[in-house]
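Below: the structure, in structure tokens.
There are 2 protein chains.
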Amino acid sequence: MQSFELDKTDVSKLKQAIGGDNELLKATLEEYHASEIAILFESISKEDRQRIINLLDVETASEVIAEMHEESHPEELLLQLHPEKRIEIVEELDYDDATDIISQLEEHEQKEILEDLSEHDASSIRTLLSYDEETAGGLMNTQVIRINLNLTKKDAIDEIIRQSEEMEEFYTVNVVDDENTFKGVVSLKDIIKAKGNAKITEMVNADAVYVKAETDQEEVARLISQYNLTSIPVVDDHMKLLGRVTFDDVIDVLEDENTEDILKISGVSEDEELSGNWIEAVKSRLPWLIINLGTAFLASAVIRHFDPTIDLIPLLSAYMTIIAGMGGNAATQALAVTVRRISLYDLTDNQAYRAVLKEFTVGLINGAVNGLIVLVFAYFFDHSLMLGVVIFLAMTGNMIIAGITGSGIPLILKRIGIDPAIASSIIITTFTDVFGFLLLLGLASKLLL
Amino acid sequence: MQSFELDKTDVSKLKQAIGGDNELLKATLEEYHASEIAILFESISKEDRQRIINLLDVETASEVIAEMHEESHPEELLLQLHPEKRIEIVEELDYDDATDIISQLEEHEQKEILEDLSEHDASSIRTLLSYDEETAGGLMNTQVIRINLNLTKKDAIDEIIRQSEEMEEFYTVNVVDDENTFKGVVSLKDIIKAKGNAKITEMVNADAVYVKAETDQEEVARLISQYNLTSIPVVDDHMKLLGRVTFDDVIDVLEDENTEDILKISGVSEDEELSGNWIEAVKSRLPWLIINLGTAFLASAVIRHFDPTIDLIPLLSAYMTIIAGMGGNAATQALAVTVRRISLYDLTDNQAYRAVLKEFTVGLINGAVNGLIVLVFAYFFDHSLMLGVVIFLAMTGNMIIAGITGSGIPLILKRIGIDPAIASSIIITTFTDVFGFLLLLGLASKLLL
Numbered sequence: 001m002q003s004f005e006l007d008k009t010d011v012s013k014l015k016q017a018i019g020g021d022n023e024l025l026k027a028t029l030e031e032y033h034a035s036e037i038a039i040l041f042e043s044i045s046k047e048d049r050q051r052i053i054n055l056l057d058v059e060t061a062s063e064v065i066a067e068m069h070e071e072s073h074p075e076e077l078l079l080q081l082h083p084e085k086r087i088e089i090v091e092e093l094d095y096d097d098a099t100d101i102i103s104q105l106e107e108h109e110q111k112e113i114l115e116d117l118s119e120h121d122a123s124s125i126r127t128l129l130s131y132d133e134e135t136a137g138g139l140m141n142t143q144v145i146r147i148n149l150n151l152t153k154k155d156a157i158d159e160i161i162r163q164s165e166e167m168e169e170f171y172t173v174n175v176v177d178d179e180n181t182f183k184g185v186v187s188l189k190d191i192i193k194a195k196g197n198a199k200i201t202e203m204v205n206a207d208a209v210y211v212k213a214e215t216d217q218e219e220v221a222r223l224i225s226q227y228n229l230t231s232i233p234v235v236d237d238h239m240k241l242l243g244r245v246t247f248d249d250v251i252d253v254l255e256d257e258n259t260e261d262i263l264k265i266s267g268v269s270e271d272e273e274l275s276g277n278w279i280e281a282v283k284s285r286l287p288w289l290i291i292n293l294g295t296a297f298l299a300s301a302v303i304r305h306f307d308p309t310i311d312l313i314p315l316l317s318a319y320m321t322i323i324a325g326m327g328g329n330a331a332t333q334a335l336a337v338t339v340r341r342i343s344l345y346d347l348t349d350n351q352a353y354r355a356v357l358k359e360f361t362v363g364l365i366n367g368a369v370n371g372l373i374v375l376v377f378a379y380f381f382d383h384s385l386m387l388g389v390v391i392f393l394a395m396t397g398n399m400i401i402a403g404i405t406g407s408g409i410p411l412i413l414k415r416i417g418i419d420p421a422i423a424s425s426i427i428i429t430t431f432t433d434v435f436g437f438l439l440l441l442g443l444a445s446k447l448l449l
Numbered sequence: 001m002q003s004f005e006l007d008k009t010d011v012s013k014l015k016q017a018i019g020g021d022n023e024l025l026k027a028t029l030e031e032y033h034a035s036e037i038a039i040l041f042e043s044i045s046k047e048d049r050q051r052i053i054n055l056l057d058v059e060t061a062s063e064v065i066a067e068m069h070e071e072s073h074p075e076e077l078l079l080q081l082h083p084e085k086r087i088e089i090v091e092e093l094d095y096d097d098a099t100d101i102i103s104q105l106e107e108h109e110q111k112e113i114l115e116d117l118s119e120h121d122a123s124s125i126r127t128l129l130s131y132d133e134e135t136a137g138g139l140m141n142t143q144v145i146r147i148n149l150n151l152t153k154k155d156a157i158d159e160i161i162r163q164s165e166e167m168e169e170f171y172t173v174n175v176v177d178d179e180n181t182f183k184g185v186v187s188l189k190d191i192i193k194a195k196g197n198a199k200i201t202e203m204v205n206a207d208a209v210y211v212k213a214e215t216d217q218e219e220v221a222r223l224i225s226q227y228n229l230t231s232i233p234v235v236d237d238h239m240k241l242l243g244r245v246t247f248d249d250v251i252d253v254l255e256d257e258n259t260e261d262i263l264k265i266s267g268v269s270e271d272e273e274l275s276g277n278w279i280e281a282v283k284s285r286l287p288w289l290i291i292n293l294g295t296a297f298l299a300s301a302v303i304r305h306f307d308p309t310i311d312l313i314p315l316l317s318a319y320m321t322i323i324a325g326m327g328g329n330a331a332t333q334a335l336a337v338t339v340r341r342i343s344l345y346d347l348t349d350n351q352a353y354r355a356v357l358k359e360f361t362v363g364l365i366n367g368a369v370n371g372l373i374v375l376v377f378a379y380f381f382d383h384s385l386m387l388g389v390v391i392f393l394a395m396t397g398n399m400i401i402a403g404i405t406g407s408g409i410p411l412i413l414k415r416i417g418i419d420p421a422i423a424s425s426i427i428i429t430t431f432t433d434v435f436g437f438l439l440l441l442g443l444a445s446k447l448l449l
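Sequence order for the protein chains is S and A.
Under the UniProt record's numbering, think of the first position of the first sequence as 1, with each following residue one higher.
Under the UniProt record's numbering, think of the first position of the second sequence as 1, with each following residue one higher.
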């Protein structure tokens, strides 16, 4: 395999094949991996997707559908297929992938698909559908290798080979007792290395990390990443083995959580699809902008409040925008560092306190340096040292407020159990706008009038 | 294993044990996993870290050091240890982990450590040190399972067991010819399932995905994530097998890249350590703030330029802050969505064009809605319909500029090969500040005077 990425040449080659007859298209598709075809699907029409799925063998077709990005709506593609083809594909999918896709459908559509499946498949998928999407239960696959701890080496290997027939890939062998109680894991390597008459119970690693079905997906991701696991067993409240979450699901979770963080911090609703249309984008962003408009009125009310300084406003207005803008940017910096730190580490109270103290110091210094630059400018350009001093004090004060709010608000939110990324730059810059104007105009009315 | 996380009870239990004698401490440490001790290290003194490392058996000690976060500086801990203990630990580390840690040291310190190692270990680490840290070569581990494609099933299993003695974990078996040329991979499962006299060459998957040593780490991460691989083979220009990059390295790469994105977009240098002190934070952020100060002067120069409207400024100044602030936030929204989209997908030119077109539409609508709200406010509060119209037009125009620059600038940067996240909110909001003031004051001087 020479090329791993679907580059422009590949895309145009595939699109040309779509223009040709089925035979050419089928032959061209055979040169590509399912996940590459899934990428191609992002830039072709619904009709072409349907045609390609119908041309592929069922194994590849189900892989393509499993690999399609959520935002390309594999569930819609599934619905458009002929019922017989659809059932073949759903049967071929891993239970967790099938559940992810089916969960996006309306209830009556879900029912329609599940009715056509075998009772065993349907009930497995129904169980998975019952778990919250963002928990270990929602992420897990019920197809696992499970062997009894009383098996001998030879029987265990036979059993693993038998069970693995239906699985694409497995990384760990789960060990259970006669009641399916989870007893630990054992690696295939250790089984092979064991002596001929050894029993599994002698090789099992009983200290294996596992999670409950209701464990939050972020926690699952953290464990897999911390312990470098390829998969993690999922158990119920009675320690019965339910399934496993694999590392590749966790990579997707991490990417999703990171998208959420970066969007929320920028005042975009977390559910805006990155490649969605303008209607969705307006729906997602307009509410935040209207909140921002409310806070902007608040800031402008401060300006209106300072009637006594009205004669100074033409002079001060150029500086107001500098102080408010600098405060907003300093607050965004502190916010980004703090939100990212919270999402990667658990901070103790003492660490949180020191983080705010650090941002206070950073604000003080950055404010004083920038304030001094503006002071010098005001002295030479507007010929007023006192004006310069007012601006210096307002700048320094506002940057300190930026540091404290930019770090303190997300830390407090985390402490009271709210997602800290919701403290978006829109919320934080309200503080720096309001306090920036208050400081500048308040100090000006005391010192310049 | 009941608790997987180092919660407050664990931390205080461990800290209490640190207060006690070595025997108690050692016994307490035995209850914890190496990666948990590495977390503990984030909140204890250098002296305590050193004492703990000396108490642990060399295997656990090396695991703890390998698991320590880069920001906790494992290389400093290593330097403080007794040379004999240090060598034991370095010898126990995987080559890639040893290289990561040693690469953080000064050249003379690196030399000192490498001199004490065996020639084979030292030259392996020296080779790894020669690769750029952010490439497949810099990430890879040279310890891989490699078997000759002419081996039979039985010999292959013996060879795998022999080679895996020195490895903690392996996921794929690499197949090479007599000259170490990479020929593909084979799974342990397939070898076990094969008939007794089968040869490896019959089972090898020759289509396996691999990367060159100089492949960028982001590309490696993308391939591992796209093809759901536990590890990916690394080859040189002549297809000789050099090593492998594993999925857990990629999880770290993804987290680092995401931290970089969120920091850069917020105007923080990518190399600011999240838990660094205030001196580092000032160094990282002050340059950006001074750039922002320059751009803020630019915006305020616009205000100064409009001498003819000076009589209107007390009236307009409250609205100026609203228009500039709203534009800045709308631009940040468009920027976040675009940067995130670029980092997850490769956009075609046509998709890029449509993304900017979408943001134009979103800006038009969000601008018109918010502009209308302010128009109504201005009419009832300042009793001027014409003032309202000026504000409506300035708001709509500025939000359109926000959408175009917030999406267009990162896309253009990506196109010319510059990291799009550098188009931070600081750069983007310059446009919305300058154009917001230009539009408001320009329109006011035409329509209100």
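For glycine and all other residues, C-beta sits at the position ideal for the given N, C-alpha and C.
Here the structure is a predicted model, which means the values were calculated and not measured.
Taking a Cβ-Cβ threshold of 7 Å, the residues of chain S close to N228/A are D248, in chain order. Ranked by how close their Cα comes to the Cα of E88/S, the residues A423/S, P314/S, S62/S have S62/S in first place. Residues of chain S whose Cβ lies closer than 7 Å to the Cβ of Q333/A are, in chain order, S266, G267, V268, R285. Cα atoms of V374/A and K15/S: separation of roughly 49 Å, rounded to the nearest angstrom. Proximity to E280/A across K358/S, D349/S, K193/S, N370/S peaks at K358/S, based on C-alpha coordinates. Three or more beta-carbon pairs separated by less than 8 Å link the segment 91-104 of chain S to the segment 74-83 of chain S, which places the two stretches in contact. Rounded to whole angstroms, the gap between the alpha carbons of H238/S and A368/A is 58 Å.
For the alpha helix (DSSP H) assignment, the uninterrupted runs of no fewer than 4 residues enclosed by the segment 235-286 of chain S are, from N- to C-terminal side, 247-265.
No Cβ-Cβ contact shorter than 8 Å links G184/S with I426/S. Sequence-distant Cβ neighbours of E59/S in its own chain, meaning closer than 8 Å and more than five residues away, are E92. With respect to I251/A, I251/S sits close: the two C-beta atoms are nearer than 8 Å. The DSSP-derived three-state label of K212/S is strand. Rounded to the nearest angstrom, the Cβ distance from L449/S to V390/S is 11 Å, too far for a contact under 8 Å.
In the structure shown, the three-state DSSP call for I192/S is helix.
For Q217/A, the closest of N205/A, M203/A, A208/A, I232/A by C-alpha to C-alpha distance is I232/A. Scanning T321/A, A334/A, A336/A for the CA closest to the CA of M395/A turns up T321/A. About 6 Å separates the beta carbons of M326/A and A296/S, which is inside the 8 Å limit, making them a contact pair. Under the Cβ distance rule, Y131/A does not count among the residues neighbouring chain S, no pair being separated by less than 8 Å. In this structure, the CA atom of M68/S is about 43 Å from the CA atom of T432/S.
Under DSSP, V186/S takes part in a beta bridge, and its partners are V173/S. Annotated three-state conformation of I147/A is strand, per DSSP. Taking 8 Å as the threshold, the shortest C-beta distance from L289/A to chain S falls below it. No Cβ-Cβ contact shorter than 8 Å links L79/A with T142/A. Closest option to L312/A, judged by alpha-carbon separation, among P410/A, K264/A, A421/A, S445/A: S445/A.
Identification of chain S residues near K358/A by a Cβ-Cβ cut-off of 9 Å yields G276, N277, W278, A281, ordered along the chain.
Counting only the Cα atoms, L229/S lies some 29 Å from H120/S.
For V434/S, the enclosing alpha helix (DSSP H) has its first and last residue at 425-447.
Within the segment 291-333 of chain S, no beta strand (DSSP E) run of at least 3 residues lies entirely inside it. In the structure shown, I416/S falls within a coil segment according to DSSP collapsed to helix, strand and coil. K153/S counts as buried, since no fewer than 16 other beta carbons sit within 10 angstroms of its beta carbon. For Y95/A, the uninterrupted alpha helix (DSSP H) run begins and ends at 95-102, by DSSP. Just so you know, the alpha carbons of E134/S and D249/S end up roughly 11 Å apart.
Secondary structure at S35/S: helix, using DSSP grouped into helix, strand and coil.
Annotation note: the segment 328-400 of chain A contains the following uninterrupted alpha helix (DSSP H) runs of length 4 or greater, listed N- to C-terminal: 349-381. The criterion of a C-beta distance shorter than 8 Å is not satisfied by V209/A and V186/A. Annotated as proximal: V245/A and A136/A, with beta-carbon spacing under 8 Å.
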